[in-house]
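The structure appears below as structure tokens.
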Amino acid sequence: MLRKATIADVEKIYKLINDFAAKNVMLPRSLSELYENIRDFFVFIDHDNLVGCAALHIFWKDLAEIKSVAVLESQQRKGVGKKLAMACIREAKKLQIAKMFVLTYVPEFFEKCGFHRVEKETLPHKIWSECVKCHKFPDCGEIPLIYELNKNTEEKKEDIK
């Protein structure tokens with residue numbers, strides 16, 4: 002079951018994200034950051050267990066980021082990640098956001114969701130406000146991808162529903 006996250010989910014989200022961060026496949030998140038941004042998060046629940054999460058973070062009137070997409074290894078390749086990503090895309094569409102971006106170590110997943118790779122230099126400078134706080138800055142190795150909601154609406158209509 003896909004739903005918006007609640008305060009009760011924060012510690013489980015924290016563990017899920019930081020288990021992957023320990024393997025260097027995503028960036029860590031602090032508990033305080035998760036509590037402050039809990040409204041950004043969606044979670045996927047299976048048999049009362051939180052098995053996945055993703056967040057949609059608004060940067061500006063026309064730009065949002067999908068962040069912290071994580072799915073338990075035992076639940077991967079079952080469509081959970083795609084459902085979480087599509088929930089973020091649907092919410093961005095409702096909010097009338099023109100573009101979404103992601104910085105990821107797994108670009109192939111996001112390409113399957115309709116994103117396309119871009120050069121980091123093409124992204125607005127405001128997105129780097131978080132990056133400068135990261136212990137991996139400036140060479141994190143994440144790959145930037147963009148999803149343009151207006152361009153992708155027709156071709157991805159089936160997925161976004």
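Letter by letter, the sequence shown follows residues 2 to 162 of this note's numbering. Note that beta-carbon positions come from the ideal geometry of N, C-alpha and C, so glycine has one too. Owing to the predicted nature of the structure, the values given are computational and were not obtained by experimental measurement.
Closest by C-alpha distance to residue 13, out of 23, 73, 28, is 73.
Residue 105 is bridged by DSSP to 144.
Close CB contacts of residue 108 within its chain, under the 7 Å cut and outside five residues either way in sequence, are with 118, 144, 146 (chain order).
Rounded to the nearest angstrom, the gap between the Cα atoms of residue 86 and residue 70 is 8 Å. Just measuring C-alpha positions, the residue of 100, 38, 48, 122 sitting nearest residue 115 is 100.
By the C-beta criterion, the stretch 25-43 is judged to be in contact with the stretch 51-68, since at least 3 inter-stretch pairs fall below 8 Å.
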